[in-house]
Structure formats: structure tokens, C-alpha cells
Amino acid sequence: MPQLSGSCHCGQVHVAIRTNVEPAAIVLRECQCGFCRRHGAKTFADPAGEASISGTERLTRYRFGQATADFLLCSRCGVYVAAVIEHESRHFATINAAGLQIPLLATRSATPVSYEGEDAEARRQRRLDRWMPVVLNEDRGAARA
41 MPQLSGSCHC GQVHVAIRTN VEPAAIVLRE CQCGFCRRHG AKTFADPAGE
91 ASISGTERLT RYRFGQATAD FLLCSRCGVY VAAVIEHESR HFATINAAGL
141 QIPLLATRSA TPVSYEGEDA EARRQRRLDR WMPVVLNEDR GAARA
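In case it helps, this note's numbering puts the sequence shown at residues 41 to 185.
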């Protein structure tokens, strides 16, 4: 099972991903909303895989639009790390490969996507179907530059 990892610009937040998909076969999405375009986001998720985000106490959560997901940004360097939803006490995410500079993914081209016109329930269901399980870990006490 391939493992991928990346971190924000300042190194306070780390993401580890286990996926059944070979990196060359991962499809990156380039959401056309204003937030994602401003951040140069290229996101991906493997519903059969799992991600782990460490340093979550160093993240700022931002909601906009329909307020159906938390967009996680490093509170120090501002990198958009992931978007997360909670369902039945579990979390699901799409990971920003570009922001985290994940090797083999960050510089690849992405497929433009638009979710305009999607109502809140359809958006939530799409995310539950396509996003990957994620574990959010605090990392208190670990000093970082």
C-alpha cells in the first residue's frame, strides 16, 4: 500500500496518507471556487485509504459558502492543508497535494471541477462518497521552527 506524506510551508502540520492507488494513477482535482483558486489547490482523496493529520492544534478552521466543511489552514504559514467533514463521529477529508508539496503529486496537472449548483445535501453526500477517512492528531509539546 503506497504511503505519501507532506507538510505545510513552516512544518508545523504534517499529513501522512495510506492509499491503494499508485501515485501515478491518483487523479488531482482543481476546484474552481474562489477559495481553492486563490490557494492554488490540487486535491485528492482515496475513499479506501486513510489520512492522518498531525499538529491539528496549529490549524485554523475556516467555513464559507454553504458551511458544509471545515477548510484547515496552518495558523502560522497559512497553507491550505485539507477540507474535512464529520459524519457519525468519523472524519473524512480531501487533501491539498499542492499546498503540502506531496512528492509525485504537487507539480502534476489537475482536472478542473466545479460544484456550483450543488445543494448542501448533495455536497455532503458527494464528500462522504469520495473523500477519505482521516484521523486528526494533536501534537502538543513538539517544538517546531
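We treat Cβ as the ideally placed atom computed from N, Cα and C, and that holds for glycine.
Quick caveat: nothing in here was measured; it's all calculated off a predicted structure.
{"Query": "Assumed close pair residue 134, residue 122 - CB separation to whole angstroms, cut-off 8 Å", "Result": "6 Å"}
{"Query": "Residue 114, DSSP secondary structure in three states", "Result": "strand"}
{"Query": "With 16 other Cβ atoms within 10 Å as the buried cut-off, status of residue 41", "Result": "exposed"}
{"Query": "Beta carbon of residue 106 nearer than 7 Å to that of residue 160", "Result": "yes"}
{"Query": "Range of the contiguous alpha helix (DSSP H) that encloses residue 128", "Result": "Run containing residue 128: none; DSSP gives neither H nor E here."}
{"Query": "Distance CB(residue 132)-CB(residue 171) smaller than 7 Å", "Result": "yes"}
{"Query": "Alpha helix (DSSP H) segments (min. 4 residues) lying fully within the segment 42 to 79", "Result": "74 to 79"}
{"Query": "Collapsed DSSP secondary structure at residue 96 in the structure displayed", "Result": "helix"}
{"Query": "Option nearest residue 55 by Cα separation, candidates 64, 65, 43 and 61", "Result": "43"}
{"Query": "Between the CA atoms of residue 178 and residue 52 - distance to the nearest angstrom", "Result": "11 Å"}
{"Query": "Beta bridge counterpart(s) of residue 120 as assigned by DSSP", "Result": "113"}
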